[in-house]
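**Q** Quick one: structure below, then a few questions.
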Amino acid sequence: MTGRLRELAPGAIHLPGWLSLSQQRELVSAFESWSAGPVPIRSATVRGHPMSVQTVCLGWHWQPYRYTRAATDVNGARVLPLPDWLVDLGRAALDAVAWPGAQAYRPDTALVNYYDATARMGLHQDKDEVVWDPVVSFSIGDSCVFRFGNTESRGRPWTDLDLASGDVFVFGGPSRLAYHGVTKIIPETAPAGCGLATGRINITLRATGLSD
Ligand code: MD3
Ligand code: FE
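The sequence shown finishes on residue 217 if you use the numbering used here, and the numbering steps up by one all the way, no holes.
Here it is as structure tokens:
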């Protein structure tokens, strides 16, 4: 199922409904096994407070505000490798939005977020990576209100849009350092057959630019 492309800003491209329901179910079932560990899904602690979002990482472990191979803020275990099939899916998504050089994309980490009905993510920039290759995002389950801001500050202007189950979003080029966040989960909007009964999963593929 391929939706139509919408470019919100240079390098910020929304492709609604790109994942099929069976791909969404596969990602949900992978999420369930990733969440079990060796590093269990957890809420990262930021300035002494647990985030409302829960995150499990592949390839590299993100903790505020750096990437490590081992989850030294959780249980010290090494995170699972980033599977090739997920890298391939990221490349295919870049291809689908006609991203230049899609086939050369080499993400080395995925951050997998789970939002329950009350979870949020405040406006932030993702700048713990050392290279500015595009971020590819997949959404599954309930829709959210996604706030896409500007690169200058947390303030306006911003655009609010719904991200729904199966949507792809690519953030690269001039939009790579834009402020963004999730202001609300919209309960009971997950399509039947997506594999997730409640809440929202978001998977972001990234290239850290780090090496061991
Ligand atoms: C725009 N996640 O994990 S994904 C995050 O829905 C994060 O869970 C949100 O922000 C979520 O850091 C939004 C879309 C996204 C990811 C990375 C970006 C948007 C971005 C990097 C730069 C600009
Ligand atoms: Fe982010």
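Think of the CB as a built atom: it goes at the ideal place given N, C-alpha and C, for glycine as much as any other residue.
(1) Could you check if Arg211 is buried or exposed, using at least 16 other CB atoms within 10 Å of its CB as the buried criterion?
(2) Considering only heavy atoms of the ligand MD3, does any lie closer than 8 Å to the CB of Asn207?
(3) Just the C-alpha distance for Gly109 and Val135, rounded to the nearest angstrom, thanks.
(4) Leaving out five residues before and five after Val79 in sequence, what residues of the same chain have Cβ atoms less than 6 Å from its Cβ?
(5) Would you call the region 111-118 and the region 158-177 in contact, with 3 or more CB pairs under 8 Å?
(6) Please list the terminal residues of the continuous alpha helix (DSSP H) segment that includes Gln68.
(7) Whose C-alpha, out of Ser57, Gln29, Arg152 and Ala82, is nearest the C-alpha of Gly198?
(8) Heavy atom of the ligand MD3 less than 8 Å from the Cβ of Val136, yes or no?
(9) At a cut-off of 8 Å, is Met126 close to the ligand MD3 when judged by its beta-carbon and the heavy atoms of the ligand?
(10) Under a Cβ-count criterion, where at least 16 other Cβ atoms within 10 Å of its own Cβ denotes burial, should Gly95 be classed as buried or exposed?
(11) By alpha-carbon positions, which one of Pro139, Leu215, Val92 and Gln68 ends up nearest to Gly53?
(12) In angstroms with no decimal places, state the Cα-to-Cα distance between Lys189 and Thr50.
(13) With respect to the beta strand (DSSP E) encompassing Arg152, which residues constitute its N-terminal and C-terminal limits?
(14) Residue range of the beta strand (DSSP E) that Asp165 falls in?
(15) Please confirm whether any heavy atom of the ligand MD3 lies closer than 8 Å to the CB of Arg181.
(16) Tell me which residues share the same chain as Leu13 and place their Cβ nearer than 7 Å to its Cβ, disregarding the 5 neighbours each side in the sequence.
(17) Can you tell me whether DSSP reads Val136 as helix, strand or coil?
(18) Under three-state DSSP, which class holds Ala98?
(19) Using the Cα positions of Ile208 and Cys149, report the straight-line distance between them to the nearest angstrom.
(20) Comparing alpha-carbon positions, which option in Leu85, Phe174 and Gln59 lies nearest Pro21?
**A** Straight from the coordinates:
(1) Per the 10 Å Cβ criterion, buried.
(2) Inclusion of Asn207 in the 8 Å shell around the ligand MD3 follows from its C-beta lying nearer than that to a non-hydrogen atom of the ligand.
(3) Residue 109 is actually Ala in this sequence, not Gly. If you draw a straight line from the Cα of Ala109 to the Cα of Val135, it is about 17 Å long.
(4) Contacts found: Val44 and Arg47.
(5) With the cut-off at 8 Å, the region 111-118 and the region 158-177 do not touch.
(6) Unbroken run through Gln68 is the beta strand (DSSP E), His66 to Gln68; no alpha helix (DSSP H).
(7) Comparing Cα positions, the closest option is Gln29.
(8) Relative to the ligand MD3, the beta carbon of Val136 is positioned no closer than 8 Å to any heavy atom.
(9) Under cutoff, so the answer is yes.
(10) That one is buried.
(11) Comparing Cα positions, the closest option is Gln68.
(12) Rounded to the nearest angstrom, the gap between the Cα atoms of Lys189 and Thr50 is 20 Å.
(13) Here the beta strand (DSSP E) through Arg152 covers Ser148 to Phe153.
(14) DSSP places Asp165 inside the beta strand (DSSP E), whose first and last residues are Thr164 to Leu168.
(15) Answer for Arg181: yes, Cβ within range of the ligand MD3.
(16) So the qualifying residues of the chain are His19, Phe153 and Thr164.
(17) Val136 falls in the coil class under three-state DSSP.
(18) In this structure, Ala98 counts as helix in the three-state DSSP scheme.
(19) Ile208 and Cys149: Cα-Cα distance of roughly 14 Å.
(20) Scanning Leu85, Phe174 and Gln59 for the CA closest to the CA of Pro21 turns up Phe174.
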